[in-house]
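J.: Chains as they are written, first to last, in our numbering: chain A, 1 to 393; chain B, 1 to 296.
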Amino acid sequence: MTARAEPIGGRLVTAASTALVGLFSLAAVTIVWRLVAGLGATTALNDGYPFGLWIAFDVVTGAALATGGYAVGILVYILNKGRYHPLLRPAVLTSALGYTLAGVGVALDVGRWWAIWKVPLYFWHWNFNSALLEVALCIMAYVAVLWLRLAPVLLDPLANRNERLRRAIGRFTTALDRLSIPIVALGLLLATMHQSSLGTLMLLAGSRLHPLWRTPILPLLFLISCIAMGFAVVVFESALSSVAFKRKPEIGMLASLAAIIVPLQVLFVALRLGDLWWRGDLAQLLAGDGRSVVAAFEYVVFLTPVVILMSARNRRDLGALFRAAMGMMFAGALYRFDTYLVAFNPGAHWSYFPSVPEITVTVGLVAFEVLAYIVIVKRFRILAAPRVEGQAA
Amino acid sequence: MGLTRRAALQAMLTAGAAAAGVRPATAGDRPPADAAGLLYDATLCIGCKTCMVACREANGLAPDTTASPHGLYQAPLDLSVRAKTVIKLYRDGPVQSFVKAQCNHCIDPACASACMLGALDKREFGIVTYDPDLCIGCRYCEVACPFNVPKFEFASRTPKIVKCELCKERLARGQEPACTDVCPRKAVVFGRRTELLKEAKRRIAENPGRYVPRVYGETEAGGTQVLYLSHVPFEKLGLPALGDEPAPQLARTIQHGVYRDLIAPMALYATAVMAMVRNRRSENRGREETHDDGAR
Numbered sequence: 001m002t003a004r005a006e007p008i009g010g011r012l013v014t015a016a017s018t019a020l021v022g023l024f025s026l027a028a029v030t031i032v033w034r035l036v037a038g039l040g041a042t043t044a045l046n047d048g049y050p051f052g053l054w055i056a057f058d059v060v061t062g063a064a065l066a067t068g069g070y071a072v073g074i075l076v077y078i079l080n081k082g083r084y085h086p087l088l089r090p091a092v093l094t095s096a097l098g099y100t101l102a103g104v105g106v107a108l109d110v111g112r113w114w115a116i117w118k119v120p121l122y123f124w125h126w127n128f129n130s131a132l133l134e135v136a137l138c139i140m141a142y143v144a145v146l147w148l149r150l151a152p153v154l155l156d157p158l159a160n161r162n163e164r165l166r167r168a169i170g171r172f173t174t175a176l177d178r179l180s181i182p183i184v185a186l187g188l189l190l191a192t193m194h195q196s197s198l199g200t201l202m203l204l205a206g207s208r209l210h211p212l213w214r215t216p217i218l219p220l221l222f223l224i225s226c227i228a229m230g231f232a233v234v235v236f237e238s239a240l241s242s243v244a245f246k247r248k249p250e251i252g253m254l255a256s257l258a259a260i261i262v263p264l265q266v267l268f269v270a271l272r273l274g275d276l277w278w279r280g281d282l283a284q285l286l287a288g289d290g291r292s293v294v295a296a297f298e299y300v301v302f303l304t305p306v307v308i309l310m311s312a313r314n315r316r317d318l319g320a321l322f323r324a325a326m327g328m329m330f331a332g333a334l335y336r337f338d339t340y341l342v343a344f345n346p347g348a349h350w351s352y353f354p355s356v357p358e359i360t361v362t363v364g365l366v367a368f369e370v371l372a373y374i375v376i377v378k379r380f381r382i383l384a385a386p387r388v389e390g391q392a393a
Numbered sequence: 001m002g003l004t005r006r007a008a009l010q011a012m013l014t015a016g017a018a019a020a021g022v023r024p025a026t027a028g029d030r031p032p033a034d035a036a037g038l039l040y041d042a043t044l045c046i047g048c049k050t051c052m053v054a055c056r057e058a059n060g061l062a063p064d065t066t067a068s069p070h071g072l073y074q075a076p077l078d079l080s081v082r083a084k085t086v087i088k089l090y091r092d093g094p095v096q097s098f099v100k101a102q103c104n105h106c107i108d109p110a111c112a113s114a115c116m117l118g119a120l121d122k123r124e125f126g127i128v129t130y131d132p133d134l135c136i137g138c139r140y141c142e143v144a145c146p147f148n149v150p151k152f153e154f155a156s157r158t159p160k161i162v163k164c165e166l167c168k169e170r171l172a173r174g175q176e177p178a179c180t181d182v183c184p185r186k187a188v189v190f191g192r193r194t195e196l197l198k199e200a201k202r203r204i205a206e207n208p209g210r211y212v213p214r215v216y217g218e219t220e221a222g223g224t225q226v227l228y229l230s231h232v233p234f235e236k237l238g239l240p241a242l243g244d245e246p247a248p249q250l251a252r253t254i255q256h257g258v259y260r261d262l263i264a265p266m267a268l269y270a271t272a273v274m275a276m277v278r279n280r281r282s283e284n285r286g287r288e289e290t291h292d293d294g295a296r
């Protein structure tokens, strides 16, 4: 009795969508300015802080917030929890949008953007020591896999145009269906690879990365926290969709999803503290300087949702679930932001704070993502129809 | 004996010609056989900055006047896109020392390990050189370098990475690097790394008490092709206390450990496929009707 996904319909031009278009337009103008005038004229990036807001947030955090498809994919396909199937399509959609925008973020950030095509094509120059190369190639392939997974849904309305188109789309969908196992497995593999390598990447900063973040298990920590973030995003997005689009929330399903995140968050904190203790750096957490306070704050943020979700009553309360999910997303985002920016210390005479154009672009890209999500769920079969019968889960 | 520079250069260039062509990226802990470098002796440097001027001219760099009042003097404060080498001064009471900064040409460079397409790579004479054709401007090299050396032309619309390449064009013409060529005190000399290291150790042995009894760059971060002698602790001169492990070693060990022979990724892929095949079978057994597309 899987609920069938339907377009939820409704007007596309609303106050919210107009505001989002406005934010994105500002960003679009800024993007053109950045491409024409260069990085120095538009960003606060410098030789001490070569990575800034666009890498730390748009790319690294954005990709981690787009792991909903990965997390639910593991649940549905690998652990065979079919009842979460209705959550998969919206999760894959947010993933596809999130990763696409992460790709846009990279393209804007690299100084020689016109040469970016060389990365996938100059294969005889590939340097396999470079974690960044692996991340770049995996993300490119992953974006393709995600849109391929969504293609049947997005092509669906075209099928009504005429008979020939309908048959062509039907054949494509059938072929894709036959190949679904290798394609889905590839998607899961690519996500595992690049999400962990995003952790490996900062290991190369060596002693310039603060000891509270610098650990050989950085890739493992990035992987665990991205899965937790993926589930949190799904809970967040489902809760938000149910309110925004006045649909019945899948409380039971969301509650059990939230319950999965608790052990992941606890595992993350335990591994991180255990590693600090093992390396003898635990005392640094109490050093009292700026970075140690930030690190301590991270632990608090990671554990707050765990505390919220300990109570069974909270787990069945949409508001509490929503708050816990937001807390988890914030925790994972903060951890990434800190690892890439706050924990990185190139020397006392360097400083960085994102410029107005940098912030404008980041805000505008997020606005675009939200807008695209709203438009697509209103016009395509993404969200499962509201259940009429009682809670199954 | 000191180095007869001309002879050393000549010998090196012949050796280099034999080893010409594309060199495979060195990922080891040993310097390439033809490794060339600099030996900087802080006790000899008088801080005249002639090397800075010669470097700027040899590399066609615009003068960096940003730090001087009214932009009147060429006075770079640190390495920048307009200064591939800089003389700095450390002073603490009566103790003072100059120090020359430039790319140290690591034996196992973190920047080259970071670089996606090998735009930065160790090429002839083990010099870490830059090929803008392979660079997309990601600046990961800047994050990776433990010495903060590579600089990026943020102000340019077509930015490149700027760093010392040991005057590779001059070497190709049979000349030595501009900075060593003009140094009036021979505080910085050019040569084969093995010879320079021998010379540095000879100076320490023959002048007890004159130097910190260690050659910076012999083992730091896996060893560098630029070597330093000093009478004040190296950390005071901005030469960080790095371990003997090559800078990119940890990240590389983890990356290659995880992806060794691609076993882990293939195993993960196979596990995922098998789990899904099994799930689909049990699903088909579970319900009799032909499976429709359902919601994906």
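For glycine and all other residues, C-beta sits at the position ideal for the given N, C-alpha and C.
Predicted model, so just to flag it, every value in this text is computed and none were measured.
Are the C-beta of Arg399 of chain A and some C-beta of chain B separated by less than 7 Å?
T.: Chain A is shown from 1 up to 393; residue 399 of chain A falls before or after that span and cannot be answered.
J.: Tell me, please, whether the region 54 to 73 of chain A touches the region 161 to 171 of chain B by the rule of three or more beta-carbon pairs shorter than 8 Å.
T.: No, they do not touch.
J.: Three Cβ pairs or more, each shorter than 8 Å: is that satisfied between the region 245 to 261 of chain B and the region 60 to 67 of chain B?
T.: With a cut-off of 8 Å, the region 60 to 67 of chain B and the region 245 to 261 of chain B do not count as touching, because too few Cβ pairs lie within range.
J.: Could you have a look at Val13 of chain A and say whether DSSP puts it in helix, strand or coil?
T.: Coil.
J.: Could you pull out every residue in the same chain whose Cβ sits closer than 7 Å to the Cβ of Cys167 of chain B, ignoring the five residues on either side in sequence?
T.: Excluding residues within five positions, the ones whose Cβ falls inside 7 Å are Ala58, Pro177, Ala178.
J.: From the DSSP output, in three-state form, read off Gln96 of chain B for me.
T.: Three-state result, Gln96 of chain B: strand.
J.: Can you check whether the C-beta of Phe234 of chain B is within less than 7 Å of a C-beta belonging to chain A?
T.: It does not: the Cβ of Phe234 of chain B has no partner Cβ on chain A nearer than 7 Å.
J.: Does any residue of chain B have a CB that is nearer than 7 Å to the CB of Thr94 of chain A?
T.: Chain B contact via Cβ: absent.
J.: Quick check on Tyr216 of chain B: does DSSP put it in helix, strand or coil?
T.: In the structure shown, Tyr216 of chain B sits in a strand (DSSP, three-state: E or B).
J.: Return the first residue and the last residue of the alpha helix (DSSP H) that Arg313 of chain A is part of.
T.: That run of the alpha helix (DSSP H) goes 312 to 315.
J.: Please return the same chain residues whose Cβ sits closer than 8 Å to the Cβ of Val377 of chain A, not counting the five positions on each side in sequence.
T.: Here the set comprises Pro7, Ile8, Pro90, Leu93, Ser241, Phe245, Leu383.
J.: Distance, Cα to Cα, Gly69 of chain A vs Arg56 of chain B?
T.: Straight-line Cα distance between these residues: approximately 53 Å.
J.: Per DSSP, which one or two residues make a beta bridge with Glu6 of chain A?
T.: DSSP, once it has assigned bridges, lists A:Leu383 as partnering Glu6 of chain A.
J.: Considering Cα atoms alone, identify which of B:Leu72, B:Val188, B:His70 is closest to Asn104 of chain B.
T.: Among B:Leu72, B:Val188, B:His70, the Cα nearest to that of Asn104 of chain B is on B:Val188.
J.: With H, G and I counted as helix, E and B as strand and the rest as coil, what does DSSP make of Ser351 of chain A?
T.: Coil at Ser351 of chain A, not helix or strand.
J.: Within the chosen definition, does the region 257 to 266 of chain A reach the region 222 to 230 of chain A through at least 3 CB pairs nearer than 8 Å?
T.: With a cut-off of 8 Å, the region 222 to 230 of chain A and the region 257 to 266 of chain A count as touching, because enough Cβ pairs lie within range.
J.: Taking the straight line between their C-alpha atoms, what separation do you get for Arg379 of chain A and Leu158 of chain A?
T.: Rounded to the nearest angstrom, the two C-alpha atoms are 12 Å apart.
J.: Who are the near neighbours of Ala62 of chain B in its chain, counting only those whose CB is closer than 7 Å to its CB and skipping five residues on each side?
T.: Arg82, listed in sequence order.
J.: Mind pulling the chain B residues with CB within less than 9 Å of His125 of chain A?
T.: Residues of chain B passing the Cβ test: Met116, Leu117, Gly118, Ala119, Leu134.
J.: For Trp213 of chain A, count the other beta carbons within 10 Å of its own beta carbon; 16 or more makes it buried, fewer makes it exposed. Which is it?
T.: Per the 10 Å Cβ criterion, buried.
J.: So, with DSSP's three-state summary, where would you put Ser130 of chain A?
T.: Residue state, collapsed to three classes: coil.
J.: Might you give, ordered along the chain, the residues of its own chain that have their beta carbon closer than 6 Å to the beta carbon of Gly326 of chain B, omitting 5 neighbours on each side?
T.: Residue coverage of chain B in this structure runs from 1 to 296, which leaves residue 326 of chain B outside it and unanswerable.
J.: Does the Cβ of Ile46 of chain B have 16 or more other Cβ atoms within 10 Å, making it buried, or fewer, making it exposed?
T.: Exposed, by the Cβ-count rule.
J.: I'd like to know if the region 263 to 275 of chain A and the region 343 to 350 of chain A are in contact, where contact means that at least 3 CB-CB pairs between them fall below 8 Å.
T.: No, they do not touch.
J.: Among A:Ala255, A:Ala312, A:Leu45, A:Ala331, which one has its Cα closest to the Cα of Glu153 of chain B?
T.: Of the listed residues, the one whose Cα sits closest to Glu153 of chain B is A:Leu45.
J.: Spell out the partners DSSP gives Lys88 of chain B in its beta bridges.
T.: B:Val99, per the DSSP bridge assignment.
J.: Pull out every residue of the region 270 to 281 of chain B whose Cβ sits closer than 7 Å to any Cβ of chain A, in chain order.
T.: Listed in sequence order: Ala272, Val273, Ala275, Met276, Val277, Asn279.
J.: Buried or exposed, going by whether 16 or more other CB atoms sit within 10 Å of the CB of Pro213 of chain B?
T.: When all chains shown are included, Pro213 of chain B counts as exposed.
J.: Give the interface partners of Leu45 of chain A over in chain B, defined as CB-CB distance under 9 Å, in chain order.
T.: Neighbours of Leu45 of chain A on chain B, chain order: Arg139, Phe152, Phe154.
J.: Compute the beta-carbon to beta-carbon distance between Ile139 of chain A and Gly103 of chain A, rounded to the nearest angstrom, for a pair I have assumed lies under 8 Å.
T.: With 8 Å as the limit, Ile139 of chain A and Gly103 of chain A qualify as a contact, their Cβ atoms being about 6 Å apart.
J.: Going by DSSP, what residues sit across from Lys122 of chain B in a beta bridge?
T.: The partner list for Lys122 of chain B (beta bridge, DSSP) reads B:Val128.
J.: What does Leu268 of chain B touch in chain A if you count any residue whose Cβ is under 9 Å from its own?
T.: Near Leu268 of chain B (Cβ distances below 9 Å), the residues of chain A are Ala185, Leu188, Leu189, Thr192, Met193.
J.: So is Val149 of chain B in contact with chain A if we call contact Cβ pairs under 7 Å?
T.: No, because no Cβ of chain A sits closer than 7 Å to the Cβ of Val149 of chain B.
J.: Using beta carbons (cut-off 7 Å, strictly below), is Val143 of chain B in contact with chain A?
T.: It does: the Cβ of Val143 of chain B has a partner Cβ on chain A nearer than 7 Å.
J.: With a cut-off of 7 Å, does the C-beta of Leu204 of chain A fall near any C-beta of chain B?
T.: So, interface residue.
J.: Which of helix, strand or coil does DSSP assign to Ile351 of chain B?
T.: Chain B is shown only over 1 to 296; residue 351 of chain B falls outside these bounds and no answer can be derived.
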